[in-house]
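Reading through the structure tokens given below for one structure.
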Amino acid sequence: MPPRHLYVHVPFCARRCAYCDFSIAVRRTTPVDEYLGALRTELGMVAREMNIEHPRDWTLDTLYLGGGTPSQLGQGIPRLFDIVGHKSILAPEAEVTIEANPEDVTPANAESWRRAGANRISLGSQSFDAAVLTWMHRAHSVDQIGVAVKTARDAGFEDISLDLIFALPHALNRDWKRDLDAAIDLDPSHISLYGLTVEPKTPLHRWRARGEVREAGEDAYATEFLLAHSTLAAAGYEHYEVSNFAKPGRHSRHNSAYWSGASYTGIGPSAHSFDGSRRWWNVSPYAEWVDRLTHDSSPVADLEVLDEENLSNEQVYLGLRSTIGVRVDADEIAELQPWVDKGWAAFSDVATQDYARQAAPEWGAPQERLSRRRSSGGALHPGAASATTVSPAASKSQLTLTPAGWLLLDELAASLTWIRSRSYV
């Protein structure tokens, strides 16, 4: 059966943000016709490989336009949907997302996107501090964020997500709580939060090398993460994945498919695909992607086949980063009980997986925040946090991380994969 989730990478940006290392193509004028022509060719190749003879042979539950900045296509987005519609059909309740910059959300664009079938919009707002937006090299103003939200709603978008970046350099004096409150005041259905990281070959990396920027410390990162958890939980948002919060029933279905290990297809420069045991990805440079497709050559750059251990490790990491969690057996419960005792994790019955009521807002309280530093003995120090346990005698249980545990996601996932790796020896 063809994957029911399609990702389309639209690489264009008007400028490169200070922190960005994504596969993008900075263009003063977006080459809409060239891009859509290459995309049509690639989608045709993909459909032939999957033996798609008619659109009804391929039903999509989610369609996601990411980037880059898909909204740079403007009125080209309905044409993109038309291309996809020649090879697939949307399920009756399909989720169709467009990533957009606030300055691109004009009434004409928003109305055409909605008429074409988009029903969810993700806005790259990043901050409600004007000085921070300038520092990030963002093109929009603070006021344009609110205007974009209203414009999208007026066009019929009920599902609106905002992106915010936290753990900024202390020297910027950004008020994180103020940013959170400003986002909540706009009443989006979804909020995504990303901690600032310094990636090679970015302006931010160069600034740090010259001593012009100093990153936020681990304690500041933890404090802001837990403040976001408590603030958004109090406002009615469910913290359903390490970086994502949503009103009830408004989880990102497309991204949730990734975290649950579902198969998906990706098209466009640098796009990844996964069929349950193999992962492959396209070349990243836009010009190379276009050139290959112009000459009817595959844009795929490489492929990896995942063995049983690799798949198990991925399932652990993806499961732990969301409230999906990971199923554990009685022997593992005994080994993982210290995580619960330290406030990093919780167990629930597989049948209920009732994590939402376990992730209490008090985990974000300053006096209970997590210190991510290691002691001289290598132990990790969590703040106090309540947790639900189940009897080790239970044959199966679901393990989920608390917000404090999410701050240690990489370490805890590595620990659980090590525990499970012993069965492969």
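One gets the working numbering by counting positions in the sequence shown from 1 and adding 5 to each. Note that CB positions come from ideal geometry on N, CA and C, so glycine has one too.
What is the DSSP secondary structure of G129, counted as helix, strand or coil?
strand
Can you tell me where the beta strand (DSSP E) with P97 in it begins and where it stops?
Where P97 is concerned, the enclosing beta strand (DSSP E) stretches over 94–105.
Span of the beta strand (DSSP E), counted from its first residue to its last, around V333:
331–334
Taking a contact to mean a Cβ-Cβ separation below 8 angstroms, would you say V321 touches R283 in this structure?
no
Distance, T207 Cα to D168 Cα:
20 angstroms
Please state whether the Cβ-Cβ distance between L11 and L65 is less than 8 angstroms.
yes
Nearest neighbour of D307, chosen from S278, A292, E314 [CA to CA]
S278
Which whole-angstrom value describes the C-beta separation of T46 and L298, a residue pair presumed to lie in contact below a C-beta threshold of 8 angstroms?
Confirmed, Cβ separation roughly 4 angstroms.
First and last residue of the uninterrupted alpha helix (DSSP H) at S353
No alpha helix (DSSP H) holds S353; the beta strand (DSSP E) holding it covers 350–353.
Please report the distance separating the alpha-carbon of E242 from that of W285.
Inspection of the sequence shows that residue 242 is occupied by Tyr rather than by Glu. Going by the C-alpha atoms only, they are around 34 angstroms apart.
Assign V31 to buried or exposed, taking buried as 16 or more other Cβ atoms, counted over all protein chains shown, within 10 Å of its Cβ.
Residue environment analysis places V31 among the exposed positions, since fewer than 16 neighbouring C-beta atoms fall within 10 angstroms of its C-beta.
Cβ shell of T111 (< 8 angstroms), same chain only, five flanking positions each side left out:
T156
Is V288 close to chain C, meaning its C-beta is less than 8 angstroms from at least one C-beta of that chain?
The chain labelled as chain C is not found in the depicted structure, where only one protein chain is given.
Closer than 6 angstroms by C-beta to P205: which residues in its own chain qualify, once you throw out the five before and the five after it? Chain order, please.
none
Secondary structure at D192, three-state DSSP: helix, strand or coil?
coil
Have a look at I452 and K252 and give me their C-alpha separation to the nearest angstrom.
Nothing can be reported for residue 452: it is not among the residues displayed for the chain, which extend from 6 to 430.
Ignore the nearest five residues each way along the sequence and tell me which others in T422's own chain have a CB closer than 6 angstroms to its CB.
N318, V321
Name the DSSP bridge partner or partners of W286?
H277, D307
Tell me whether P97 is buried or exposed, calling it buried when 16 or more other Cβ atoms sit within 10 Å of its Cβ.
exposed
Alpha-carbon to alpha-carbon, A160 and S420:
48 angstroms
Are the segment 171–181 and the segment 145–152 touching, with three or more C-beta to C-beta distances below 8 angstroms?
no
Whole-Å CB distance - H195 paired with S235, under 8 angstroms assumed:
The pair is not a contact, with the Cβ atoms about 18 angstroms apart (cut-off 8 angstroms).
Give the secondary structure of H431 by DSSP, where H, G and I count as helix, E and B as strand, and everything else as coil.
In the structure as shown, the chain begins at 6 and stops at 430. Residue 431 is therefore absent and cannot be evaluated.
Strictly by DSSP, which residues pair up with I442?
Residue 442 falls outside the range modelled here, since the chain spans only 6 to 430, and no answer is possible.
From P274, S265, M6, V15, residue whose alpha carbon lies closest to that of N56:
Here the closest residue by C-alpha is M6.
Is the number of C-beta pairs between the segment 126–136 and the segment 80–93 that are closer than 8 angstroms three or more?
no
Under the assumption that G71 contacts H14 (Cβ atoms under 8 angstroms), give the Cβ distance between them as a whole number of angstroms.
6 angstroms
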